[in-house]
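Colleague: I'd like to ask you about the structure that follows.
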Amino acid sequence: MSVKIASIYPTLLGTYGDGGNVAALTHLATLHGIAVEVTEVSPGHTVPHDADIYVLGGGEDTAQSAAAAALHASGALAEGVKNGASVLAICAGYQILGHTFLDAEGKPSAGLALLDVTTDRLDTRAVGELLAQPSEFAPAGLTEVFTGYENHGGHTHLGPDAKPLATVTHGVGNGDGTEGAISGRVIGTYLHGPCLVRNPRIAERLLGWAVGRDLDHIVEAEVEALRQERLDFVTKK
Amino acid sequence: MNTPLRTRLAISAGKLAAATSRLAGRGEGMIIGGKVALAVSPHALRDLAQGRVAALVSATNGKTSTTRLLATALSQSGPVASPTTGANMTEGAVWALATGEPGAQAVLEVDEAYLPRIVRETQPKVVLLANLSRDQLDRMSEVAMLARKWRAMIAENPDVLIIANADDPIVAYAAEKATKIVWVAAGQAWTADSSVCPDCGTLLSRDEKTWSCSGCGRSRPEPSWTFEWSAQQGNTYARAVAPDGQSFDLSHLGLPGRFNASNATMALAACSELGQDLPTALELMNTVSAVSGRFATVQAGALTVRLLLAKNPAGWSELLDIMPPAPTPVIVMINANHADGRDPSWLWDVPFERLAGRTVIASGNRRRDLAVRLLHAGVDAHVIEDPFAPNADLPDSVRALEVIDCAATYTAFQKIRVAALDGEVDA
Ligand SMILES: [Zn+2]
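If you read the protein sequences in the order shown, they are chains A and B.
First residue of the first sequence? That's 0 in numbering that gives the first Met the number 0, and the numbers climb one at a time after it.
First residue of the second sequence? That's 0 in numbering that gives the first Met the number 0, and the numbers climb one at a time after it.
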């Protein structure tokens, strides 16, 4: 039986190389001997109710609103989560998972309420390298520093039912020193880069949930070299 | 031409600044020269243009090459002022007009965001709009926003003739309200940044030739000019078909690739509107073999390279197609300096899988990102900081090549080009 991965609206939420997240899941699944089945869901097409992993990326303001509206109408994402699926949502995708986010005109717009977060505006846009140390609420096995690139104007506030995924050591993240949010198997983050390419342990956690066992981390020299180079870039500046 | 005194003084001041900059070894001085001239005379561009500007060329990709093709074709009717490098903002336009042959007609490439201002001030005879796609992720240059700017520009300048690519839905949306327009079906190889309708957000339907939107009913405008291309087993077929059915063979262009043949089609359509003899225009375009270092064969340290420039996924996708087939090795250099854009995550949108079967020398300051991308693409990568150093640890297959393709982002490209300027075989 293969792990079902649903890439949600990559034409709307895929501006920042976010396709790399699905590529990383597929690549690591192959290394772990796990079969995967990827469905790219386009606007107007049906979002599957039975995926194991839903992936949402970043996008421009108007695309974000279009994606949120289509996901509201579908209802499939909430149903998938109820059935135990995991969600990895980046940037605009992360904001969509909260209660509200700001649309292109700056007006609050209803999100999917799968994460207890709300997003308003940062004083200045956050653009640059982002480093964050996994928090006590991060899934088991995630202890190595997260590395990514952020590019957003959103200030995300966590409510009591969402826990911070990490603590920012360089960059902005949510805007209050925390980065990302997690609730059950739903993860939101501002880490582009793409996230799962630069943080393969998160990908292995998502795959592990899908197959019901913990995966031993597979070290790839190229990935380690990239991580190290990005950490050095930030810390030596 | 009667240039106002203030602008004449401004140009003198600019020339002095440019010369000083050149003496200080800070490059060709065009930007600084233009900046100083504009500071002295804010209307310098308007004063210098005065009916001389034959064409402005704008696009995300290919504007430098298209500008060179068109300027070369127009030289059949006299001298043409056209900048020699990609200085495509207001300063560059001022400088090209100030330093070109006095009174000569001008062809200028223009940055997408600066186009409205430069159209307003220069009132060109034609404006070529070729394509719009994502560029430089760390800056806020939303493609849809640029299209809206172009729409407003066209509404405000109804007398300017627009020559636009009907195959690019974003360009078509930007140009659809023009009263004077020539549509060219110039092709669109990169569709990933225009998958949804720029107006209503509906997923566009596409077939081999056309596109349409089921949401608002838009579809590809009926073209006057058509670009035809096919490439099979090393044989390429490329032609431009004029509105009267006359066809022009584009297979003898000195510039390689589908995208340059498409650029030549846009340029031919412009030549036609500017009253040029088209067979002569094509002959002249055939002589262009390199544009400001693009496609030039240069010496880079211990290697001889054909220098290729790409800045974004659409451009990279086109370049991968003109490289020699596997197993010929290639050099790919990815930088993420300011001019390249600081965020290279677009690497994940480039179909590097097409390089499978060969060794890629991965270089540039983001070579580690490239190496991971190539790992996922199943492409053999050698990560080398400086492949041009005499003692670089290169595979024998690289040293064995007489000329190796080196595709690079902007700052990596410029570094090689500037270092090699003296030895440039064909610039
Ligand atoms: Zn539409």
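Built from N, CA and C at the ideal position, the CB exists for glycine as well.
Since we're looking at a predicted model, the values are computed, not measured.
Does the Cβ-Cβ distance between VAL402 (chain B) and THR303 (chain B) come in under 8 Å?
Modeller: Result yes, Cβ atoms of VAL402 (chain B) and THR303 (chain B) sit closer than 8 Å.
Colleague: Below 8 Å on the Cβ atoms is my contact criterion, and I expect THR168 (chain A) with ALA125 (chain A) to pass it. Report the Cβ-Cβ distance as a whole number of Å.
Modeller: Rounded, the Cβ-Cβ distance is 14 Å, inconsistent with contact.
Colleague: Would you identify the three-state DSSP class for ALA72 (chain A), choosing helix, strand or coil?
Modeller: If DSSP states are grouped into helix, strand and coil, ALA72 (chain A) belongs with the helices.
Colleague: Run through chain A and tell me which residues come within less than 9 Å of SER362 (chain B), C-beta to C-beta.
Modeller: Here the premise fails: no neighbours, minimum Cβ distance about 14 Å.
Colleague: Quick check on this structure: which residue in A:VAL144, A:PRO9, A:GLU36 has the alpha carbon closest to the alpha carbon of ALA50 (chain A)?
Modeller: Closest option to ALA50 (chain A), Cα to Cα, is A:GLU36.
Colleague: Does the stretch 140-157 of chain A come close enough to the stretch 89-102 of chain A that 3 or more CB-CB pairs lie under 8 Å?
Modeller: Output reads yes: the stretch 140-157 of chain A touches the stretch 89-102 of chain A.
Colleague: Would you mind reading off the limits of the alpha helix (DSSP H) that contains LEU330 (chain B)?
Modeller: According to the sequence provided, residue 330 (chain B) is Ile. The question's Leu does not apply to it. From DSSP, ILE330 (chain B) is part of no alpha helix (DSSP H) but of the beta strand (DSSP E) over 329-332.
Colleague: How about ALA22 (chain A): is its C-beta nearer than 8 Å to some C-beta of chain B?
Modeller: Chain B, which has a Cβ nearer than 8 Å to the Cβ of ALA22 (chain A), makes this yes.
Colleague: Quick one: Cα of MET284 (chain B) to Cα of TRP345 (chain B), how far?
Modeller: Distance between the alpha carbons of MET284 (chain B) and TRP345 (chain B) is about 32 Å.
Colleague: In the stretch 81-101 of chain A, which residues sit with their C-beta less than 8 Å from some C-beta in chain B, listed in chain order?
Modeller: Answer set for the stretch 81-101 of chain A: empty.
Colleague: So for PRO323 (chain B), helix, strand or coil by DSSP?
Modeller: Coil.
Colleague: Please identify the residue among B:THR201, B:ALA407, B:ASP158 whose C-alpha is closest to the C-alpha of ASP339 (chain B).
Modeller: Residue B:ALA407 is the option with its Cα nearest to ASP339 (chain B).
Colleague: Identify every run of the beta strand (DSSP E) within the stretch 96-144 of chain B, keeping only runs that are complete inside it and at least 3 residues long; order them along the chain.
Modeller: For the stretch 96-144 of chain B, whole beta strand (DSSP E) runs of length 3 or above, ordered along the chain, are 104-108, 125-128.
Colleague: Would the stretch 103-119 of chain B and the stretch 166-179 of chain B be scored as touching if the rule is three or more Cβ pairs under 8 Å?
Modeller: Output reads no: the stretch 166-179 of chain B does not touch the stretch 103-119 of chain B.
Colleague: So is the beta-carbon of GLY43 (chain A) under 7 Å away from any non-hydrogen atom of ligand 1?
Modeller: It does not: the Cβ of GLY43 (chain A) is nowhere closer than 7 Å to a heavy atom of ligand 1.
Colleague: So that I know if they touch, is there some Cβ in chain A lying closer than 8 Å to that of ASP368 (chain B)?
Modeller: Chain A, which has a Cβ nearer than 8 Å to the Cβ of ASP368 (chain B), makes this yes.
Colleague: With a Cβ-Cβ cutoff of 8 Å, do SER218 (chain B) and TRP224 (chain B) count as a contact?
Modeller: Not in contact: SER218 (chain B) and TRP224 (chain B) (Cβ atoms no closer than 8 Å).
Colleague: Going along the chain, which residues of the stretch 182-214 of chain A sit with their C-beta nearer than 9 Å to a C-beta in chain B?
Modeller: From the stretch 182-214 of chain A, only HIS191, GLY192, PRO193, VAL196, ARG197 have a Cβ closer than 9 Å to chain B.
Colleague: Run through chain B and tell me which residues come within less than 8 Å of LEU225 (chain A), C-beta to C-beta.
Modeller: Near LEU225 (chain A) (Cβ distances below 8 Å), the residues of chain B are ARG367, ASP368, ALA370, VAL371.
Colleague: Relative to ligand 1, is the shortest distance from any of its heavy atoms to the C-beta of THR201 (chain B) smaller than 7 Å?
Modeller: Answer for THR201 (chain B): yes, Cβ within range of ligand 1.
Colleague: What does SER291 (chain B) reach in chain A if we use C-beta pairs closer than 8 Å?
Modeller: What SER291 (chain B) touches in chain A: nothing, since even the nearest Cβ is about 28 Å away.
Colleague: For the candidate residues B:ILE162, B:TRP189, B:ALA173, B:ALA191, whose alpha-carbon lies nearest to that of TRP182 (chain B)?
Modeller: Residue B:ILE162 is the option with its Cα nearest to TRP182 (chain B).
Colleague: Given a cut-off of 8 Å, decide if PRO3 (chain B) and TRP189 (chain B) are closer than it, judged by their beta-carbon atoms.
Modeller: Contact: no.
Colleague: Kindly indicate the opening and closing residues of the beta strand (DSSP E) around VAL239 (chain B).
Modeller: Note that residue 239 (chain B) is Ala in the sequence shown, not Val. That run of the beta strand (DSSP E) goes 234-240.
Colleague: Pick from A:GLY170, A:GLY57, A:PRO9, A:THR155: whose alpha carbon is nearest that of VAL46 (chain A)?
Modeller: The shortest C-alpha separation from VAL46 (chain A) is found at A:PRO9.
Colleague: Could you pull out every unbroken beta strand (DSSP E) segment of at least 3 residues lying fully inside the stretch 160-223 of chain B, listed in chain order?
Modeller: Fully enclosed beta strand (DSSP E) runs of 3 or longer: 160-164, 180-184.
Colleague: Does DSSP classify GLU223 (chain A) as helix, strand or coil?
Modeller: Reduced to three states, the DSSP call for GLU223 (chain A) is helix.
Colleague: Could you tell me which of A:ARG197, A:ALA202, A:ILE201, A:VAL218 sits nearest to LEU230 (chain A), measuring between CA atoms?
Modeller: For LEU230 (chain A), the nearest C-alpha among the options comes from A:ARG197.
Colleague: Could you name the residues of the same chain whose beta carbon sits closer than 7 Å to that of ALA9 (chain B), not counting the 5 residues immediately before and after it, in chain order?
Modeller: So the qualifying residues of the chain are ALA36, VAL39, SER40, ALA43.
Colleague: Kindly list, in the order they appear in chain B, the residues whose Cβ is closer than 7 Å to that of ALA65 (chain A).
Modeller: The contacting residues are GLY200.
Colleague: CA-CA distance, LEU273 (chain B) and ALA53 (chain B)?
Modeller: For LEU273 (chain B) and ALA53 (chain B), the distance between alpha carbons rounds to 8 Å.
Colleague: Applying the criterion that 16 or more other CB atoms from any shown protein chain within 10 Å of the CB defines a buried residue, is GLY15 (chain A) buried or exposed?
Modeller: Inspection of the sequence shows that residue 15 (chain A) is occupied by Tyr rather than by Gly. It is buried - the Cβ of TYR15 (chain A) has at least 16 other Cβ atoms within 10 Å.
Colleague: Taking ALA224 (chain A) as the reference, which of B:ILE31, B:ALA185, B:ARG365, B:ALA388 has the closest Cα?
Modeller: Considering only alpha carbons, the answer is B:ARG365.
Colleague: Report all residues from its chain with a CB closer than 8 Å to the CB of ALA103 (chain B); omit the five preceding and five following residues, and keep chain order.
Modeller: Around ALA103 (chain B): ARG51, GLY77, PRO78, VAL79, ALA80.
Colleague: Could you give the first and the last residue of the continuous alpha helix (DSSP H) run that contains PRO199 (chain A)?
Modeller: Element bounds for PRO199 (chain A): 199-210.
Colleague: Hey, does ASP385 (chain B) have any beta-carbon neighbour from chain A nearer than 8 Å?
Modeller: No - not a single Cβ of chain A is within 8 Å of the one on ASP385 (chain B).
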